[in-house]
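Peer 1: First, the structure itself, so that you have it in front of you.
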C-alpha cells in the first residue's frame with residue numbers, strides 16, 4: 001500500500017511522483033509536481049560544480065522553483081533558492097527517510113517544524129526536501145527574512161558549534177527573542193524530544209531565531225531532526241552541547257533542572273514530559289508505515305522506548 005511522500009497518508013490512486021495533488025499544492029504552490037530531471041549521481045555533481053552545495057555530513061544543496069518554462073521545474077539556477085535537498089549517502093543508510101519520519105514524529109508531538117517531504121529522483125532513490133523559511137516568494141520579487149543561528153548570535157565560528165551549553169542557549173533566547181518565555185518552553189520541549197529520538201547532534205547551528213514579521217525575532221520551527229544514535233550507536237554522547245555540565249548519562253532530573261534554569265513552571269515541564277512520552281503508540285504506527293528500511297524500524301522503536309523509560313523514571 002503506497003503512501004504519500006509528503007503527508008504519509010494512503011495514496012487513493014496511482015501517482016508516479018508519490019504525492020497527493022493537494023500535497024503538491026500545499027508544499028510547492030503548483031498544481032502539478034515540479035520536474036526534477038536529475039538522479040542522485042548527476043544532481044550531486046551538478047550541485048558541486050555550480051556551487052550550490054551546503055556544508056555538512058550529508059550531501060545537501062539548494063534548489064529553486066523555476067516558473068519561467070511551460071512546466072514548473074526544480075533547478076540549480078542563479079536565483080534565490082527556496083528549497084534544501086539532502087541525498088542518500090553511502091556511509092549511512094536511509095538518512096533522508098529517517099529525517100522525514102522523525103520530523104513527522106515531531107509534528108505529532110505538536111512541535112513546529114519546517115515544511116518537509118521526500119521526493120523520488122530519476123534513479124528511484126529518495127531524497128529529503130525542506131522548504132526554506134527565511135524566504136517569502138512573491139510574484140515579482142523575493143523577500144529575505146532576517147535569520148541567525150546560535151553560532152552567529154554568539155559570534156562563534158562554525159567549527160565551534162559544539163562549544164557551549166543548553167543553559168547558554170536559554171540566555172540567547174532570553175536576550176534576543178521577542179516572545180522569550182514561549183520560546184524557552186519550546187526550546188526545552190525540542191530538547192526533550194531530541195533526547196527521546198536519539199538526536200545527539202543539536203549543536204549551535206541547529207537552533208536559530210528569525211523575524212517572520214516586523215523585525216520581531218522568535219525561535220524558528222525545528223529542523224535537522226535525525227536519530228543520530230541509531231546511525232552512530234558507538235557514539236557515547238547523548239547531546240551535542242552540555243546539559244548540567246554533561247553530554248551523556250542524562251536523566252529526568254537533568255531536564256527538570258534545565259527547565260528550572262529557564263524559569264519554566266515545574267508543572268509545565270512535567271506535563272510536557274507526560275505528553276511526549278505518551279505518544280509512543282502513534283509513533284510506532286508511523287514508523288511501521290514509513291519508508292525507512294524494515295530492519296531499522298524495530299531498532300528505532302527500541303531506541304525511543306528506552307529513552308522514554310529513562311526520562312519518565314523518577
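Residue numbers (our numbering): 1 to 314. Beta carbons: idealized from backbone N, C-alpha and C, even for Gly. No experiment lies behind these values; they were computed from the predicted model shown.
#1: Does the Cβ-Cβ distance between residue 304 and residue 231 come in under 8 Å?
#2: I want to know whether the segment 65 to 74 touches the segment 260 to 272 - three or more CB-CB distances under 8 Å.
#3: Report yes or no: do three or more beta-carbon pairs, one from the segment 244 to 256 and one from the segment 129 to 137, lie closer than 8 Å?
#4: Hey, how far is the Cα of residue 146 from the Cα of residue 90?
#5: Note the first and the last residue of the continuous alpha helix (DSSP H) segment covering residue 301.
#6: Taking all protein chains shown into account, do 16 or more other C-beta atoms lie within 10 angstroms of the C-beta of residue 94, making it buried, or fewer, making it exposed?
#7: Kindly confirm or deny that the segment 104 to 120 and the segment 150 to 162 touch, where touching means at least three C-beta pairs closer than 8 Å.
#8: Any contact of the segment 299 to 313 with the segment 226 to 241, i.e. 3+ C-beta pairs under 8 Å?
#9: Per DSSP, which residues does residue 173 bridge with? Please list them.
#10: May I ask you to list the residues that DSSP assigns as paired with residue 210?
#11: Among residues of its own chain, excluding the 5 on either side of residue 226, which ones have a beta-carbon nearer than 8 Å to its beta-carbon?
#12: Using C-beta distances below 7 Å, list every residue in its chain close to residue 280, excluding the 5 sequence neighbours before and after it, in chain order.
#13: Since residue 244 sits in a beta bridge, which residues does DSSP pair it with?
#14: Have a look at residue 278 and residue 173 and give me their C-alpha separation to the nearest angstrom.
#15: List the endpoints of the continuous alpha helix (DSSP H) containing residue 66.
#16: Skipping 5 residues on each side, what residues in its chain have a beta carbon closer than 7 Å to that of residue 240?
#17: Which residues in the same chain as residue 257 place their Cβ atom closer than 6 Å to its Cβ, once the five residues preceding and following it in sequence are excluded?
#18: Which complete alpha helix (DSSP H) runs does the segment 91 to 124 hold, if anything under 4 residues is left out?
#19: So is residue 55 buried or exposed if we call it buried at 16+ other beta carbons inside 10 Å?
#20: Would you kindly check if the distance between the Cβ of residue 238 and the Cβ of residue 247 is under 8 Å?
#21: Relative to the C-alpha of residue 142, which candidate in 82, 283, 127 has its C-alpha closest?
#22: Check the C-beta distance from residue 209 over to residue 166 and give it rounded, since I have them as a contact under 8 Å.
#23: Taking the continuous alpha helix (DSSP H) assigned at residue 35, which residues delimit it?
#24: With burial defined as no fewer than 16 other Cβ atoms inside 10 Å of the residue's Cβ, what is the status of residue 123: buried or exposed?
#25: When the Cα of residue 223 is compared with those of 214, 229, 191, 213, which residue comes out closest?
#26: According to DSSP, what are the bridge partners of residue 75?
Peer 2: The answer reads as follows:
#1: Within the chain shown, residue 304 is the residue found at index 304, counting from 1. Within the chain shown, residue 231 is the residue found at index 231, counting from 1. Using a Cβ distance threshold of 8 Å, residue 304 and residue 231 do not count as a contacting pair.
#2: No, they do not touch.
#3: The segment 244 to 256 is not in contact with the segment 129 to 137.
#4: On the chain shown, position 146 is the one that residue 146 refers to. On the chain shown, position 90 is the one that residue 90 refers to. Roughly 35 Å separates the two Cα atoms.
#5: Position 301 of the chain shown, counting from 1, holds the residue named residue 301. Residue 301 -> alpha helix (DSSP H) spans 296 to 312.
#6: Counted from its first residue, the chain shown places residue 94 at position 94. The C-beta of residue 94 has 16 or more other C-beta atoms within 10 Å across all chains shown, which makes the residue buried.
#7: Counting Cβ pairs under 8 Å, fewer than three are found: no touch.
#8: Result yes; three or more Cβ-Cβ pairs closer than 8 Å.
#9: Within the chain shown, residue 173 is the residue found at index 173, counting from 1. Partner(s): none; residue 173 has no beta bridge.
#10: By 1-based counting over the chain shown, the position of residue 210 is 210. Per DSSP, 147, 218.
#11: Here residue 226 is taken as the residue at index 226 of the chain shown, counted from 1. Cβ neighbours of residue 226 beyond the five flanking positions: 95, 98, 99, 102, 199, 201.
#12: Taking the chain shown and counting its residues from 1, one reaches residue 280 at position 280. Taken in chain order, the residues that qualify are 304, 305, 308.
#13: To locate residue 244, count along the chain shown from 1; it is residue 244. Answer is none; residue 244 lacks a bridge partner.
#14: Counting from one through the chain shown, the residue named residue 278 turns up at place 278. Counting from one through the chain shown, the residue named residue 173 turns up at place 173. Cα to Cα, the separation comes out at about 28 Å.
#15: Residue numbering aside, residue 66 sits at position 66 when the chain shown is read from its first letter. Segment 60 to 66 is the beta strand (DSSP E) holding residue 66; no alpha helix (DSSP H) there.
#16: Locating residue 240 in the chain shown gives position 240, counting from the first residue. Closer than 7 Å at Cβ, skipping near neighbours: 162, 200, 201, 202, 203.
#17: The sequence position of residue 257 within the chain shown is 257, counting from 1. Here the set comprises 244.
#18: As far as the segment 91 to 124 is concerned, its whole alpha helix (DSSP H) runs of at least 4 residues are 95 to 108.
#19: As a working note, residue 55 is residue 55 in the chain shown. Because residue 55 sits at a pLDDT of 44, beneath the cut-off of 50, its placement in the model cannot be relied upon, and the following sentence gives the value as read from the coordinates. Label assigned to residue 55: exposed.
#20: As a position in the chain shown, residue 247 is number 247, starting the count at 1. As a position in the chain shown, residue 238 is number 238, starting the count at 1. Taking 8 Å as the Cβ cut-off, residue 247 and residue 238 qualify as a contacting pair.
#21: Working through the chain shown from its first residue, we reach residue 142 at position 142. Out of 82, 283, 127, 82 has the C-alpha closest to the C-alpha of residue 142.
#22: To locate residue 209, count along the chain shown from 1; it is residue 209. To locate residue 166, count along the chain shown from 1; it is residue 166. Actually they do not touch by this definition, with Cβ atoms about 15 Å apart.
#23: Here residue 35 refers to the residue found at position 35 of the chain shown. Segment: none, residue 35 is in no alpha helix (DSSP H) and carries neither H nor E.
#24: Translated into positions along the chain shown, residue 123 becomes position 123. Exposed is the label assigned to residue 123, since fewer than 16 other Cβ atoms lie within 10 Å of its Cβ.
#25: Here residue 223 refers to the residue found at position 223 when the chain shown is read from its first residue. For residue 223, the closest C-alpha among the options 214, 229, 191, 213 is that of 191.
#26: Within the chain shown, numbered from 1, the residue matching residue 75 stands at position 75. The bridge partners DSSP lists for residue 75 are 64.
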